[in-house]
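J.: Supplied in structure tokens, the structure appears directly below.
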């Protein structure tokens, strides 16, 4: 129930001696108080008070001026340039400027996403523009920041314990290309160990090509290039080789072919060496000519044939990093998930001496043949597996040496317990 | 969980509960301000506090806050962003000398909410992740609807005042205009401040602190200082005027409002309570009754219907439930790590403050659930005793001195933690905006537009474009 406030304002003489209209309602709750010094409803005092009208005016004017001043301050504020290495947890959400060179750039047309990694010699930071690839392409006129470019990125830091520091951009104006990197055509003779890490453009002939294999049994492509100033070698891992176009793969594997490449200098055993910058980028690998020479192939020795066999009881944490093969029975299988939500397959493997656990990650599991997947998920299956020794919380465990190579796993029998 | 962790975690839960309980008695000091200071302290001496104790410590801090901030809110009229959930009836009860009862009613609701959170564990793991994923991509327009509903539900008050129709119309709509102005100014402030914060980068994780101190704490202090509000003599109740029916009535709106606030970004317990009230309250007030005269010629008295008092009780209980779901539930959801939600669905200030230094692991949920029960039970006992003490001392405290000290303390915290004079200037500007609802009688939660609007726009992908229009990019 509320009380009607029907009493008109009174014309009285105030303490200052001036006549004026003084409200007879409580200035806090609006209840009629008449001549009382205390409001009967809310207990507020009704005299010796600052005028509410004054406070209202201060609130209204102050808030409008406050917003205007904030806008002016924000307009004039230049975000601080910081080093990536100086980023601390208390900087979460800070608007900062990072200046550095792009060391990795990725375009995902399917998800309309552009990502790049920027380094300023104190650290790396991931810049993500989800669902913004089109707007970035339009803004940069298809010349998106690429490896080697010096960029200045303004954005809010997003720091989490799980993922570290990153920036998320919604508009391309947040990125400025300070210096577009143009790879200089460099003679091979000028590429020295001291210039490791620098980017070059070379035009050279494939002098030699050798298809070897890694310790894990993966194909490894060794290519030697030459021009009239010298020779230099490059190693291409299988995933890099597969990222090349078919034409480039042909050129690499045929001595006598000529290519123009974007490369990064590196060193191996005090000798200069080359790394291919971005095998997937057609502008990084240009085929000048392909030789008619027959492609070089190499006979591959199965990893299972060349690896030493071990009993589980003999596997200790000292074997971490070593590769060997084990013949085991799947004792137990369980499917769980990583924090990232990816499936994680845990397998307990046993032989007559002991049991040991192995984790198969989602990408590894997906690379296995159907038969091998079935063997791992069916308890009682027997397999011979090329594995790498590993350690988890002080306990020995094993991991697949190379899930992508079917020759590293031999299914001996499929169990009958799922 | 290794067994020797248990005594260490128990120690830090007790520490957090006691720290939260004591600090909550300081009117207008928000627990997120305390959490910010605690994080800075921990970063400086992280080797002293084990990593696995961080989450239980902060959880107990916020649990204690959910229970015990009821006391300064009730007796000293100090407001935070969730005050709308509990404050209105408790003010009236303080005037009637029933402040302790109001605090205990709200505390009972909070205790119910704590047990509800535990009882909801299967819901959080088997149903909630689906809801979170389904609604995850739609949050921007859901927030848009919240904004529209929120502004529209500020109805005209004060009709009938004024001599001319125009004056009566202005008087009636004054609070609506004030609400819209507050909302607009807060939204504009948020767009500018969030797009281009002017505080130094190393203080960025606390950059919202001066904004909230200005929006909520300072106007409350100014209001109390100006009104010289002094609570009347308070009773120490031996029982509370509520039965199980009241608790069951309060549960549904409390749960609805609390979960809305826990899940929707920038929706606080106050806004959640308003939405929940509109969703769940379909009962009409009893019609006004007149007491029959006992003898001829006696003046007939109008009886206040019992429904009014029941709704008062339900409001307080629901507010208590909603408050813990908002503060504690939002943080607890960080630990509901499932296949669909591998990073949990946690929201709220505490999850934001801890994100750079802490990430939840599967299995932590049950440590947190135990923390809630343990810390909640202790906090409730402290609340019972604290309400008695507050009821005894509140009428005797010199409010002017108390609020002057609090004003100086808050200004000092803002100065030292949130950017010196820049922080003070931000606090001053937001204080002015925060005073509009106080002195024009509209909802104070309109100030939450400072986060609601920028978050909704950023989720929709338009935040940066608006910033471009403002010339800030």
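Residue numbers (the working numbering), protein chains in the order written: chain G, 1 to 418; chain B, 1001 to 1473. Cβ atoms here follow ideal geometry from the backbone N, Cα and C, with glycine treated the same way. Nothing here was measured: the structure is a model prediction, and the numbers come from that model.
#1: Who are residue 233(G)'s beta bridge partners in DSSP?
#2: Compute the distance between the beta-carbons of residue 1192(B) and residue 1250(B), then report whether it is under 8 Å.
#3: What three-state label does DSSP hand residue 287(G) in the structure shown?
#4: Residue 1056(B) and residue 160(G): beta carbons closer than 8 Å?
#5: In whole angstroms, what is the alpha-carbon distance linking residue 229(G) and residue 190(G)?
#6: For residue 1282(B), which three-state DSSP category applies?
#7: Kindly list, in the order they appear in chain B, the residues whose Cβ is closer than 7 Å to that of residue 95(G).
#8: I need the DSSP call for residue 361(G), collapsed to helix, strand or coil.
#9: Between the alpha carbons of residue 1465(B) and residue 304(G), how many angstroms are there, rounded?
#10: Between residue 88(G) and chain B, is there a C-beta pair that is closer than 8 Å?
#11: In angstroms, rounded to a whole number, what distance separates the CA positions of residue 241(G) and residue 91(G)?
#12: Taking residue 155(G) as part of the beta strand (DSSP E), name the residues at either end of that continuous run.
#13: Does any residue of chain G bring its CB to less than 8 Å from the CB of residue 1374(B)?
#14: Going along chain B in order, which residues have a C-beta closer than 8 Å to the C-beta of residue 356(G)?
#15: At a CB-CB cut-off below 9 Å, which residues of chain B make contact with residue 91(G)?
#16: Going by C-alpha to C-alpha distance, which of 1060(B), 1436(B) and 1101(B) sits closest to residue 1387(B)?
#17: Does any C-beta atom of chain B lie closer than 8 Å to the C-beta of residue 41(G)?
#18: Assign residue 1244(B) to one of two classes, buried (16 or more other C-beta atoms within 10 Å of its C-beta) or exposed (fewer than that).
#19: Where residue 224(G) and residue 1205(B) are concerned, what is the direct C-alpha to C-alpha distance, given to the nearest angstrom?
#20: Taking the beta carbon of residue 131(G) as the centre, do at least 16 other beta carbons fall within 10 Å, making it buried, or is it exposed?
#21: If we define contact as Cβ-Cβ less than 8 Å, is residue 1447(B) a contact residue for chain G?
#22: Work out the CA separation of residue 1134(B) and residue 1149(B) for me, nearest whole Å.
#23: In chain B, which residues lie less than 7 Å from residue 160(G) when you measure between Cβ atoms?
#24: Skipping 5 residues on each side, what residues in its chain have a beta carbon closer than 6 Å to that of residue 177(G)?
#25: Do the segment 1180 to 1198 of chain B and the segment 1045 to 1061 of chain B touch if we need at least three Cβ pairs shorter than 8 Å?
#26: Between residue 156(G) and the rest of its own chain, which residues show a CB-CB distance below 6 Å, the 5 nearest in sequence each way excluded?
#27: For a contact defined as C-beta to C-beta under 8 Å, what are the partners of residue 1018(B) on chain G?
#28: Just to confirm before moving on: does the CB-CB distance between residue 261(G) and residue 276(G) stay below 8 Å?
#29: Output the residue ranges of the beta strand (DSSP E) runs that lie fully inside the segment 1243 to 1272 of chain B and measure 3 residues or longer, sorted by chain position.
#30: Does the beta carbon of residue 44(G) sit closer than 8 Å to a beta carbon anywhere in chain B?
#31: Rounded to whole angstroms, what's the CA-CA distance from residue 1070(B) to residue 1200(B)? Just pull it up for me.
#32: For the 8 Å Cβ check, are there 3 or more pairs between the segment 1172 to 1179 of chain B and the segment 1138 to 1155 of chain B?
#33: Assuming residue 388(G) and residue 329(G) form a contact by the criterion Cβ under 8 Å, report the distance between their Cβ atoms to the nearest whole angstrom.
#34: Are residue 1379(B) and residue 1064(B) touching if we call contact CB-CB under 8 Å?
#35: Quick one, which residues of the segment 1441 to 1470 of chain B are near chain G if we go by CB-CB under 9 Å, in chain order?
#36: Span of the beta strand (DSSP E) holding residue 423(G)?
T.: To lay it out plainly:
#1: The count along the first chain starts at 1 and reaches residue 233(G) at position 233. Answer is 224(G) and 273(G), bridged to residue 233(G).
#2: On the second chain, residue 1192(B) is found 192 positions in, with the first residue counted as 1. On the second chain, residue 1250(B) is found 250 positions in, with the first residue counted as 1. Contact: no.
#3: Sequence index remark: in the first chain, residue 287(G) carries index 287 (1-based). Looking at residue 287(G) - three-state DSSP - the assignment turns out to be strand.
#4: Here residue 1056(B) refers to the residue found at position 56 when the second chain is read from its first residue. Here residue 160(G) refers to the residue found at position 160 when the first chain is read from its first residue. The answer is no: Cβ separation not under 8 Å.
#5: Here residue 229(G) refers to the residue found at position 229 of the first chain. Here residue 190(G) refers to the residue found at position 190 of the first chain. Their backbone Cα atoms lie some 8 Å apart in a straight line.
#6: Taking the first residue of the second chain as 1, we reach residue 1282(B) at position 282. Low local confidence applies: a pLDDT of 49 at residue 1282(B) is under 50, so the model's placement there is unreliable, and no value is given.
#7: Residue 95(G) sits at position 95 when you count from the first residue of the first chain. Correct list: 1196 and 1197.
#8: Here residue 361(G) is taken as the residue at index 361 of the first chain, counted from 1. Residue state, collapsed to three classes: strand.
#9: Working through the second chain from its first residue, we reach residue 1465(B) at position 465. Working through the first chain from its first residue, we reach residue 304(G) at position 304. In a straight line, the C-alpha of residue 1465(B) is about 59 Å away from that of residue 304(G).
#10: Here residue 88(G) is taken as the residue at index 88 of the first chain, counted from 1. So, interface residue.
#11: Translated into positions along the first chain, residue 241(G) becomes position 241. Translated into positions along the first chain, residue 91(G) becomes position 91. Whole-angstrom Cα-Cα distance: 41 Å.
#12: By 1-based counting over the first chain, the position of residue 155(G) is 155. Element bounds for residue 155(G): 150 to 160.
#13: Taking the second chain and counting its residues from 1, the one referred to as residue 1374(B) is at position 374. No, its Cβ sits nowhere closer than 8 Å to a Cβ of chain G.
#14: Taking the first residue of the first chain as position 1, residue 356(G) is located at position 356. Residues of chain B passing the Cβ test: none, with the nearest at roughly 23 Å.
#15: Residue 91(G) sits at position 91 when you count from the first residue of the first chain. Residues of chain B passing the Cβ test: 1201, 1202, 1203, 1204, 1205 and 1356.
#16: Numbered from its first residue, the second chain carries residue 1387(B) at position 387. The shortest Cα separation from residue 1387(B) among 1060(B), 1436(B) and 1101(B) belongs to 1101(B).
#17: Taking the first chain and counting its residues from 1, the one referred to as residue 41(G) is at position 41. It does: the Cβ of residue 41(G) has a partner Cβ on chain B nearer than 8 Å.
#18: Taking the first residue of the second chain as position 1, residue 1244(B) is located at position 244. When all chains shown are included, residue 1244(B) counts as exposed.
#19: In the first chain, counting from the first residue as 1, residue 224(G) sits at position 224. In the second chain, counting from the first residue as 1, residue 1205(B) sits at position 205. Rounded to the nearest angstrom, the two C-alpha atoms are 52 Å apart.
#20: As a first step, residue 131(G) must be located in the first chain, where it is residue number 131. Flag for residue 131(G) reads exposed.
#21: As a working mapping, residue 1447(B) is identified with position 447 in the second chain. No, its Cβ sits nowhere closer than 8 Å to a Cβ of chain G.
#22: As a working mapping, residue 1149(B) is identified with position 149 in the second chain. As a working mapping, residue 1134(B) is identified with position 134 in the second chain. Residue 1149(B) and residue 1134(B): Cα-Cα distance of roughly 22 Å.
#23: Position 160 of the first chain, counted from the start, is the residue given in the question as residue 160(G). Near residue 160(G) (Cβ distances below 7 Å), the residues of chain B are 1355, 1356 and 1359.
#24: Start at 1 with the first residue of the first chain, and residue 177(G) comes out as number 177. Contacts found: 145, 149 and 151.
#25: no
#26: In the first chain, the residue the question calls residue 156(G) occupies position 156. Once the five neighbours on either side are set aside, the close Cβ partners of residue 156(G) are 93 and 95.
#27: Walking along the second chain from the start, residue 1018(B) turns up at place 18. Those do not exist, as residue 1018(B) stays about 26 Å from chain G at its closest Cβ, beyond 8 Å.
#28: Residue 261(G) sits at position 261 when you count from the first residue of the first chain. Residue 276(G) sits at position 276 when you count from the first residue of the first chain. Going by C-beta atoms, residue 261(G) is nearer than 8 Å to residue 276(G).
#29: none
#30: As a working mapping, residue 44(G) is identified with position 44 in the first chain. For residue 44(G), the answer is yes, since a Cβ of chain B falls inside 8 Å of its Cβ.
#31: The sequence position of residue 1070(B) within the second chain is 70, counting from 1. The sequence position of residue 1200(B) within the second chain is 200, counting from 1. One C-alpha to the other measures close to 34 Å.
#32: yes
#33: The residue given as residue 388(G) occupies position 388 in the first chain. The residue given as residue 329(G) occupies position 329 in the first chain. Their Cβ separation, rounded to whole angstroms, is 20 Å, which puts residue 388(G) and residue 329(G) out of contact at 8 Å.
#34: Along the second chain, read from residue 1 onward, the residue named residue 1379(B) stands at position 379. Along the second chain, read from residue 1 onward, the residue named residue 1064(B) stands at position 64. The Cβ atoms of residue 1379(B) and residue 1064(B) sit closer than 8 Å to each other.
#35: Result list: 1441, 1458, 1461, 1462, 1463, 1464, 1465, 1467, 1468 and 1470.
#36: What is shown of chain G runs 1 to 418, which leaves residue 423(G) out entirely.
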